[in-house]
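Start counting the sequence shown at 639; every next residue gets the next number (this note's numbering).
Backbone N, C-alpha and C define an ideal beta-carbon position, used for all residues, glycine too.
These numbers were taken from a predicted model, which means no experiment stands behind them.
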Amino acid sequence: MPRTLITGGAGFLGSHLCDRLLAEGHEVVCMDNLITGSVDNIAHHFKNERFLFVKHDVTNYIMVEGPIDYVLHFASPASPVDYLEHPIPTLKVGSLGTHNTLGLAMKKRARYLLASTSEVYGDPLIHPQREDYWGNVNPIGPRGVYDEAKRFGEAMVMAYHRHHGLDTRIVRIFNTYGPRMRLHDGRVVPNFIHQAFTGQPLTVYGDGTQTRSFCYVSDLIEGIHRLLLSDHVEPVNIGNPAEMTIIDFARAILRFTGSKSEIRHEPLPVDDPQTRQPDISLARQVLDGWEPKVGLEEGIQRTVEHFQRTKQIPSAAE
Ligand code: UDP
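Right under this line is the structure:
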């Protein structure tokens with residue numbers, strides 16, 4: 639039975655990975671300092687003997703007893719609002735946290751997987767983004783704390799791979815949504831759903847012509863699981879290439895939910911990328927034909943149901 643450490647395991651993606659790897663028969667050590675993660679996301683595993691939760695900040699030295707076969711480093715604030723609120727922990731978890739988790743993987747002779755991000759491409763000048771594009775990042779802007787920490791993390795992982803021969807993987811995650819996102823994490827999907835269900839205006843930042851490509855969480859987790867088992871060391875984009883403008887996304891949310899909310903424009907955040915769409919040719923090729931399967935309407939429906947089930951939004955849109 640493989641034994642796996644998931645940092646950020648109580649977060650949105652980390653907790654879905656805990657579910658998946660437990661289902662695959664792993665023993666899971668879930669580590670989180672709970673700045674943005676929540677025990678609500680993992681409480682359903684507390685009685686499982688193959689699951690252990692450790693509250694720890696991975697920017698400090700990490701001690702795990704016993705063998706570890708896989709280390710998945712998913713700890714980090716990941717919403718722009720969160721990393722603006724926690725700029726220094728964001729820089730530290732992407733740099734010191736990556737260093738500490740790599741050190742642990744060395745010691746345990748484990749395979750290592752880094753959760754990287756489409757933010758390494760910054761406000762991209764190449765469209766769609768392929769893995770061989772080096773990006774257009776403002777290092778000193780407010781988003782730089784996340785983007786540069788993840789870029790540093792990727793550099794660190796490749797150095798451990800080349801210099802120490804560590805068995806490593808890097809996934810570049812594009813916008814992902816689904817159950818267990820925090821309703822108030824500030825990202826566009828939970829914001830629009832919350833606004834649509836409470837009769838508030840949908841807040842479109844800027845003129846809404848900026849684009850994003852939204853991937854449902856189960857498609858992302860499937861891709862990450864395949865990457866973990868693949869032998870591809872260089873970064874791989876995982877996301878859904880179905881690109882849309884934010885204004886069209888707002889209209890789609892109104893249509894899917896039947897909400898009568900208006901659309902209100904608010905200022906565009908500094909350094910907000912104008913376009914984003916993953917080129918997933920590499921993923922298709924190295925992950926055994928992987929591709930996203932859940933369309934936007936179905937994914938939004940499942941996400942809405944989660945927020946309703948957990949009583950975070952009313953059962954019908956206003
Ligand atoms: N956005 C918006 N209204 C909101 C929240 C976000 O128009 O209430 C926009 C934001 O400016 C960005 C896009 O939606 O262009 C996606 O933002 P999000 O915070 O979800 O993630 P990002 O892709 O920027 O990391």
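Practice item. Flag this pair as touching only if the stretch 689 to 709 and the stretch 666 to 674 have three or more C-beta atom pairs under 8 Å; answer yes or no. Key: yes
- Would you call the stretch 804 to 822 and the stretch 752 to 764 in contact, with 3 or more CB pairs under 8 Å? yes
* Pair within 7 Å by beta-carbon distance, Leu740 and Tyr798 -> yes
Practice task
Verify whether the separation of the beta carbon atoms of Ile884 and Gly861 is less than 7 Å.
Solution key: no
message: Relative to the C-alpha of Trp928, which candidate in Pro879, Leu710, Ala954 has its C-alpha closest?
response: Pro879
Handout entry: In DSSP terms, what Ala753 is bridged to
Key = Val809
(Q) On the DSSP letters alone, give me the boundaries of the alpha helix (DSSP H) that Glu662 sits inside. (A) Run containing Glu662: none; DSSP gives neither H nor E here.
key: Nearest-angstrom beta carbon gap, Glu956 and Lys898 [assumed within contact, 8 Å]   = 7 Å
Considering only heavy atoms of the ligand UDP, does any lie closer than 6 Å to the CB of Asn776? no
CB of Tyr699 to nearest heavy atom of the ligand UDP: below 6 Å?
no
Unbroken beta strand (DSSP E) run spanning His711, endpoints: 708 to 711
Checklist entry - Taking Asp917 as the reference, which of Gly816, Ser851, Ser714 has the closest Cα? => result Ser851
Please determine whether the Cβ atom of Asp910 lies at a distance below 6 Å from any heavy atom of the ligand UDP. yes
- Message: Give me, in chain order, the residues of the same chain whose beta-carbon lies closer than 6 Å to that of His664; leave out the 5 immediate sequence neighbours on both sides.
- Response: Pro640, Thr642
Is the number of C-beta pairs between the stretch 759 to 773 and the stretch 891 to 905 that are closer than 8 Å three or more?
no
Note to self: I'd like to know whether the C-beta of Asp910 is nearer than 7 Å to at least one C-beta of chain B.
What the structure shows: Among the chains in the structure shown there is no chain B, since it carries only a single protein chain.
Legend entry - Whole-number beta carbon distance between Asn813 and Arg914, since they are thought to touch under 8 Å: 7 Å
*asked:* With H, G and I counted as helix, E and B as strand and the rest as coil, what does DSSP make of Leu740?
replied: helix
DSSP bridge partner residues for Gln767 (one or two, in chain order): Pro916
Among residues of its own chain, excluding the 5 on either side of Glu786, which ones have a beta-carbon nearer than 6 Å to its beta-carbon? Pro777
Cut-off 6 Å between Cβ atoms - residues of its own chain near Asp707, not counting five sequence neighbours on either side: Pro640, Arg641, Ala748
**Val696: CB within 6 Å of a non-hydrogen atom of the ligand UDP** = no
Self-check item: Opposing strand residues paired with Ser856 [DSSP bridges]
Solution: None, per the DSSP bridge assignment.
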